[in-house]
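Worksheet for the structure shown next.
In this note's numbering, the protein residues as written are 45 to 221.
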């Protein structure tokens, strides 16, 4: 029995977007753990003589560059919209990883993670958890599809080893800091 026939990928993406924006009512976009440090890092990273240079030495640039650039482009509403798309992409990543077992398991896994409020909550704060979660998920997706060489997705068969190593280094650095 198939749960969805042809439109499951766009449907899962839309359901994830709707879930994220419903969660946005409960959790508006706010500062998270070390959120102020990340925004200060973004302000200091491009100056010739940073005042708080220890912040730049203690943190990786992924979260500050992501949140700082999103907030400086259009503000917090724009940042929350983009993070909604990142969240939905992460749910699709979970679907594609679970698709290695079966389509039914993939749909159930994507919907279960989508229904788990704590996973959605990390995408509503300025902290390193959302970029780290997305990078780890993307690394696992690349790892599974590269190692297993799934024939139904030929675009994933290109050598991703350098990208996978970079994602691993970034993830390890994010965990350590």
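The beta-carbon is built from N, C-alpha and C at its ideal position, and this holds for glycine as well.
Inter-residue Cα distance where the pair is residue 58 and residue 65: 11 Å
Residue(s) in a DSSP beta bridge with residue 170: 75
Cα-Cα separation between residue 175 and residue 151, rounded to whole angstroms: 23 Å
Exposed unless 16 or more other CB atoms sit within 10 angstroms - verdict on residue 76: buried
Beta-carbon proximity of residue 126 to residue 114, cut-off 7 Å: yes
Same chain, Cβ closer than 8 Å to residue 74, neighbours up to 5 away in sequence not counted: 168, 169, 170
Residue 181 classed as buried or exposed, judged by whether at least 16 other C-beta atoms fall within 10 angstroms: buried
Beta-carbon proximity list for residue 108, same chain, < 6 Å, skipping 5 on both sides: 82, 85, 86
Of the residues 101, 89, 71, the one placed nearest residue 110, counting alpha carbons only: 89
Beta-carbon contacts of residue 184 that lie in its chain and below 7 Å, excluding the five residues immediately before and after: 141
Among 190, 95, 165, the one whose alpha carbon lies nearest that of residue 69: 165
4-residue-minimum alpha helix (DSSP H) runs that sit fully inside the segment 93 to 130, ordered along the chain: 97 to 102, 106 to 117
Close-in-space but distant-in-sequence residues of the same chain around residue 60 (CB under 7 Å, 5 per side omitted): 131, 132, 135, 158
Same chain, Cβ closer than 7 Å to residue 160, five either side skipped, listed in chain order: none
Cα-Cα separation, residue 122 to residue 105: 20 Å
Three-way DSSP call (helix, strand, coil) for residue 146 in this model: coil
Separation of residue 67 from residue 139, as counted between CA atoms: 20 Å
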